[in-house]
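Asks: Chains as they are written, first to last, in this note's numbering: chain A, 1 to 215; chain B, 216 to 430; chain C, 431 to 645; chain D, 646 to 860. All residues carry an ideal CB built from backbone N, CA and C; glycine is no exception. Since we're looking at a predicted model, the values are computed, not measured. Starting off with a structure, shown below.
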């Protein structure tokens, strides 16, 4: 695309090679984005329109837990997407292992509409809370593994900003830890476990900064 | 992508930087478009194929309200997409806050298939009409906030055509106002509230022009 | 992207303008493709997994009509997509009217999973056959209107190959005619009406060639 | 995009031609990727949230087969996507026949969520196992046909790496053979047939290498 006319054959080949790798990379990113976009949109399917009812206000009121689950899950999936987005924009190149890890990660992302619907239907149930937290922990953990692998293999861009490194690193350990901790907490108190999730939004990055200074 | 061979290192870096920002931007736009495409296509799921019936014509006739809701919602989501499309094509750059606002906006867009199905099932019910209007008002309002933010932060292109400014600005205040007004009207007359929505298509832009001359 | 370094300001602006129009155009095409991809994939939702049954072979045999509807609809939507694809690749530019027509067209495309499920459930019913044919006629007709508009407004590329013109023109009149005719035929014989649809694949292009020589 | 200013008219036309073909190609690939992304995400719809229950742990335990089917299908569709991805990145150009074959291939890919749900519901049933294996065999076979066609017509890039050739060739014969064999095995033992599928992941490439040395 736009190969300048006066280039040598070698230079042209090198550009073509880079172009092709770019296309490859763009496809993987587009596929991931597509899966995210579909998964986040399928969340709406958990909101079931009430069957014939005399009092629709009442019936909608009964969907309160479903709306709560929708809001939390949309925010969480949105945050996961932003992290994925940022991580992949810092990648210089990828390999087959990273693609496999990414598919494993997406398999957990795609499960979120199920866990979210479960939480909406059985909001005060321990099992639903544990499944939801476990799903989120698995997403965070498989993301963390991708990051560790990519840094270990030197797949990241040299100029990746320190902020991105911080974001990509400790913040995710904190996420995994929060979701795993909430599983344990759920066996004591279900509402307390669900409140823990808010910590992802409230203190996640502050704890990451704190960890960053120590590590 | 087509970096000319005879460029200085600084120039190449600058182009790469712009290229990378373009890729980032393209991903956000593509993600939004994906969510729109899925949400608009999920509208069809509200059209439930009748169960075993002796008279299919009769049964299809009973879906009249569903088809009406489908048509209105497709037109409305299409219009929202066109507005979003036009607004983002006028953006010079974006920041994290705008991305967060956009996700909040998409969270309301994704709810439309639910509100639309509700309207199809309970077309003459006040609650369904209010929920639908509230959903639309929330979409319009979160879009308006994005526009105000982007202009305030100077994220728009300098050469953004005056027509785009007009479109992005007052037209959206009018949309929010129409949908909020229809909520109030619904408590007097449900059909009148639903008729109000047509104003978005009929007088929306004329009122925007009128407002534009006054402001 | 990759504006060469030694360009004059005017030349750069012109390239940027073309770039921006290209991005706009790409978004519309990508949105349409997304809607097509989702609509074609939603066809699978019409295939309902049988509830608890003692004889699954028997139950799957009962889905015969659903599989037939799936196969026909996948082929038809695929064909519509190829036509859309080819038409848009011959477009030089677009305007707001064409975007509106395209949305109207997509609104009929998105209905296909519903019509297809209806046909699968009520395969030998006149109403289902008429709805399906009417849906297809509406898709073909709104596509034809886009083509006529684009040629009339001079939006097509000058170098659009004669083959594309032929494809874009008479072939679509034939499609609309076949689907409209099958509605009439359905009131005499439902199976005959359904057989008519095969003509789209078998004689569509031959009839288009014949028409092309006469017109 | 980015046509250098100092190019001759012929050179500019040639670049434009290549650009346009690239856009065409990108659309087909994006459409296929979209269908894959949606099909893989729809797999989650097979996981039905239990209806009101006293013991949610118990109810979730009853979904064991569904989770197994989800995991297997996600892995298989992911693998199919990687193969499709790699094959198309090795393509130099395409023609109408290849597009038709690709649509036929996608028609089988889109069926996977149905077959997968069937397997989840009727995991120990011969019919479900046969349908699943037949679906997978059809995907592999229509992919194989694309590869044979593309090599036969000389549509592949000259510089396509030997590894890609190996991957594109014998590995797929092995996949078709494994899935066809598992249909036969299912008539003796259903669990044995399902175990056969693991061979796709475990020995698929080793057998492909072995075949490669012989052929």
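Select from C:607, C:468, C:484 the residue whose C-alpha is nearest the C-alpha of residue 508 of chain C.
Replies: Minimum Cα distance to residue 508 of chain C is reached at C:468.
Asks: Which whole-angstrom value describes the C-beta separation of residue 333 of chain B and residue 343 of chain B, a residue pair presumed to lie in contact below a C-beta threshold of 8 Å?
Replies: Sure, about 5 Å apart at Cβ, within 8 Å.
Asks: How big is the Cα-Cα spacing for residue 416 of chain B and residue 282 of chain B?
Replies: The alpha-carbon atoms of residue 416 of chain B and residue 282 of chain B are separated by roughly 19 Å.
Asks: Establish whether the CB of residue 557 of chain C and some CB of chain B are separated by less than 8 Å.
Replies: Output row for residue 557 of chain C: interface = yes.
Asks: Excluding the 5 residues preceding and the 5 following residue 141 of chain A in the sequence, name in chain order all residues of the same chain whose CB lies nearer than 8 Å to its CB.
Replies: Around residue 141 of chain A: 176.
Asks: Thinking C-alpha only, which one of D:843, D:823, D:776 is nearest residue 486 of chain C?
Replies: When each option's Cα is compared against that of residue 486 of chain C, the closest is D:776.
Asks: Do residue 455 of chain C and residue 517 of chain C have their beta-carbon atoms positioned less than 8 Å apart in this structure?
Replies: No, Cβ-Cβ distance for residue 517 of chain C and residue 455 of chain C is not below 8 Å.
Asks: Grab the span of the alpha helix (DSSP H) containing residue 540 of chain C for me, first residue to last.
Replies: Unbroken alpha helix (DSSP H) run through residue 540 of chain C: 526-551.
Asks: With DSSP as the reference, please indicate the residues paired to residue 306 of chain B in a beta bridge.
Replies: Answer is B:371.
Asks: Over the uninterrupted alpha helix (DSSP H) stretch that includes residue 617 of chain C, give me the two end residues.
Replies: From DSSP, residue 617 of chain C is part of no alpha helix (DSSP H); its letter is neither H nor E.
Asks: Closer than 8 Å, CB to CB, is residue 432 of chain B near chain A or not?
Replies: Examination of residue 432 of chain B is not possible in this model, given that chain B is present from 216 through 430 alone.
Asks: Are the Cβ atoms of residue 180 of chain A and residue 137 of chain A separated by less than 8 Å?
Replies: Result yes, Cβ atoms of residue 180 of chain A and residue 137 of chain A sit closer than 8 Å.
Asks: Pull up the distance between the alpha-carbon of residue 115 of chain A and that of residue 323 of chain B, whole angstroms please.
Replies: The straight-line gap from Cα to Cα measures roughly 21 Å.
Asks: So for residue 15 of chain A, helix, strand or coil by DSSP?
Replies: Residue confidence for residue 15 of chain A is low, a pLDDT of 49 falling below 50, so the modelled location carries little weight; the figure read from the coordinates is stated next. If DSSP states are grouped into helix, strand and coil, residue 15 of chain A belongs with the helices.
Asks: How many Å lie between residue 266 of chain B and residue 698 of chain D at the Cα?
Replies: When rounded, the distance between both Cα atoms is 27 Å.
Asks: Counting only Cβ pairs nearer than 7 Å, list the residues of chain D close to residue 615 of chain C.
Replies: Ordered by position in chain D, no residue passes the 7 Å Cβ test against residue 615 of chain C, which lies about 27 Å from the chain.
Asks: Which residues of chain C have a Cβ atom closer than 7 Å to the Cβ of residue 758 of chain D, listed in chain order?
Replies: By Cβ distance, chain C contributes 474.
Asks: Count the other CB atoms, across all protein chains shown, that sit within 10 Å of the CB of residue 3 of chain A; report buried if there are 16 or more and exposed otherwise.
Replies: Confidence at residue 3 of chain A is low in this model, with a pLDDT of 43, below 50, so the placement of that residue should be treated as unreliable; the coordinate-derived value is given next. Buried is the call here.
Asks: Along chain B, in chain order, which residues have C-beta atoms closer than 7 Å to that of residue 699 of chain C?
Replies: Limits of chain C in this structure are 431 at one end and 645 at the other, which puts residue 699 of chain C out of reach.
Asks: Would you please verify whether the beta carbon of residue 287 of chain B is less than 8 Å from any beta carbon of chain C?
Replies: It does not: the Cβ of residue 287 of chain B has no partner Cβ on chain C nearer than 8 Å.
Asks: Mind checking whether residue 91 of chain A and residue 155 of chain A have CB atoms under 8 Å apart?
Replies: Cβ atoms of residue 91 of chain A and residue 155 of chain A: closer than 8 Å.
Asks: Please report the Cβ distance between residue 335 of chain B and residue 261 of chain B, rounded to the nearest whole angstrom; I am assuming they are in contact, meaning their Cβ atoms lie under 8 Å.
Replies: Between residue 261 of chain B and residue 335 of chain B the Cβ distance is about 5 Å, and since that is below 8 Å, they are a contact.
Asks: Taking the alpha-carbon positions, what's the residue 460 of chain C to residue 360 of chain B distance?
Replies: Their backbone Cα atoms lie some 26 Å apart in a straight line.
Asks: Strictly under 8 Å for the Cβ-Cβ distance: is residue 464 of chain C near chain D by that measure?
Replies: For residue 464 of chain C, the answer is yes, since a Cβ of chain D falls inside 8 Å of its Cβ.
Asks: Just to confirm my understanding: we take residue 150 of chain A, look at its own chain, exclude 5 residues before and 5 after, and list those with CB closer than 7 Å. What are they?
Replies: Excluding residues within five positions, the ones whose Cβ falls inside 7 Å are 91, 98, 156.
Asks: Between which two residues does the alpha helix (DSSP H) holding residue 271 of chain B run?
Replies: Its alpha helix (DSSP H) spans residues 271-276.
Asks: Does residue 720 of chain D have its Cβ less than 8 Å from a Cβ in chain C?
Replies: Not closer than 8 Å to any Cβ of chain C, the Cβ of residue 720 of chain D fails to qualify, so no.
Asks: Could one say the Cβ of residue 133 of chain A lies closer than 8 Å to chain B's Cβ atoms, at least one of them?
Replies: No, because no Cβ of chain B sits closer than 8 Å to the Cβ of residue 133 of chain A.
Asks: Is residue 390 of chain C close to chain B, meaning its C-beta is less than 8 Å from at least one C-beta of that chain?
Replies: The displayed coordinates of chain C run from 431 to 645. Any statement about residue 390 of chain C would go beyond what the structure contains.
Asks: According to DSSP, is residue 33 of chain A part of a helix, a strand, or is it coil?
Replies: If DSSP states are grouped into helix, strand and coil, residue 33 of chain A belongs with the helices.
Asks: Among C:500, C:622, C:612, C:458, whose alpha-carbon lies nearest the alpha-carbon of residue 515 of chain C?
Replies: Comparing Cα positions, the closest option is C:458.
Asks: How many angstroms separate the CA atom of residue 798 of chain D from the CA atom of residue 792 of chain D?
Replies: Answer to the nearest angstrom: the Cα atoms are 10 Å apart.
Asks: Nearest by alpha-carbon distance to residue 182 of chain A: which of A:193, A:125, A:105 is it?
Replies: For the residues A:193, A:125, A:105, the minimum Cα distance to residue 182 of chain A belongs to A:193.
Asks: Just how far apart, CA to CA, sit residue 354 of chain B and residue 412 of chain B?
Replies: So the alpha carbons of these two residues sit roughly 14 Å apart.
Asks: Just how far apart, CA to CA, sit residue 285 of chain B and residue 543 of chain C?
Replies: In a straight line, the C-alpha of residue 285 of chain B is about 14 Å away from that of residue 543 of chain C.
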